[in-house]
Amino acid sequence: MTIRSGLVGLCMIGLIGCQSMPNESTLPDRHPAGSKAAQYNTQLGMHYLQRGSIATALDKLKKALRQDPNMSDAHSTIALVYHRLAEHAQARHHFEKALSLSPKSSEIHNNFGVFLCQLREYNKAIKHFLLAIDNPLYTRISQAYENAGLCAREIPDITLANDYFLKALSMTPTLPKSLLAMAQIRYQQQQYAKAKHYLTRYKQVATWTPKALLLAIKIAKKQGDDDAVASYILLLRGQFPDSEQAKQMNTSL
């Protein structure tokens, strides 16, 4: 798997989550005065980031930080923008500044963990996921466990990843990434019935992907279910004819 498409946290780069993004209709219709100006521009920056207007988002967030250099939300949001721009040093600086201002922010810890994991700083990333989880009031604890699992798998530490995925699923049994990851782990452990169980649960909450279909083919093949193998191959070739997984059908599974 590629971490870039899997972890749950950073906004606007193909991932899910982050600070709550305002809808255009919820933004104030005029500039507020005084100390609220930085908050206003931070909200605007988040709004433009959500819309994919990166240059405008960056401009608004820079303005917010000029108005209030100690606003953690502005630092954490501009970090997302810099990450989107692949300016990793700047992103790291602003994540670290945000955490120095709000050291108990689970959302910032989670997002910084995603950033670090994508830079292959796996152990540091997991540390931040666990700091996010440490707050019992955090509403995305299961997703932080899932992120820790995805990151641990890249170390690779399959035992640790297994533990984190199970914790994530114990809290939210319908997390697609954790279900698919557990199916993959059980397949690697040659526990094919359990692998099929997790893949069945995955299919109940998610649509097929090339990766999931290839795993389904492999599991069915190991279980000697030729009809299922043929059915999954047809699905893979029919729905994802140009995928790398479909091309593997020309080689031995």
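Counting in the numbering used here, the sequence shown runs from 41 upward without gaps.
Each residue gets a CB set at the ideal place from its N, CA and C atoms; glycine is no exception.
As the structure is a prediction and not an experimental result, all values here were calculated from the model.
Taking C-beta atoms as the reference points, Leu-276 and Ala-286 count as a pair closer than 8 Å. A distance below 6 Å between beta-carbons, with the five flanking residues on each side excluded, links Val-245 to the following residues of its chain, in chain order: Thr-214 and Pro-216.
Inter-residue distance for Asn-151 and Ala-119 is about 9 Å (C-alpha atoms, whole angstroms). With a threshold of 16 other beta carbon atoms within 10 Å, Arg-91 falls short and is exposed. With a cutoff of 8 Å on beta-carbon distance, Ala-221 and Gly-189 are scored as near each other. By the 16-neighbour rule on beta-carbons within 10 angstroms, Lys-76 is exposed. Look at Met-111 here: in three-state DSSP terms it is coil, with no helix or strand label. Cβ-Cβ separation between Leu-84 and Val-121: approximately 12 Å, too far for a contact (criterion under 8 Å).
Ranked by how close their Cα comes to the Cα of Asp-108, the residues Gln-228, Tyr-80, Ser-93 and Met-86 have Tyr-80 in first place. Straight through space, the alpha carbons of Ser-140 and Phe-280 are spaced by roughly 46 Å. In the three-state reduction of the DSSP assignment, Ala-286 falls in the helix class, which pools H, G and I. Between Ala-192 and Ala-201, the beta carbon gap of about 4 Å places them in contact (Cβ cut-off 8 Å). Nearest Cα to Leu-253 within the set Leu-239, Lys-262, Asp-265 and His-128: Leu-239.
Nearest to Gln-228 by C-alpha distance, out of Asn-163, Ala-184, Leu-255 and Ala-104, is Leu-255.
In the three-state reduction of the DSSP assignment, Ala-97 falls in the helix class. Under the criterion of beta carbons closer than 8 Å, Ala-235 and Ile-198 do not qualify as touching, at roughly 14 Å. Between the beta-carbon of Ala-138 and that of Ser-112 there is about 5 Å, and that keeps the pair under the 8 Å contact cut.
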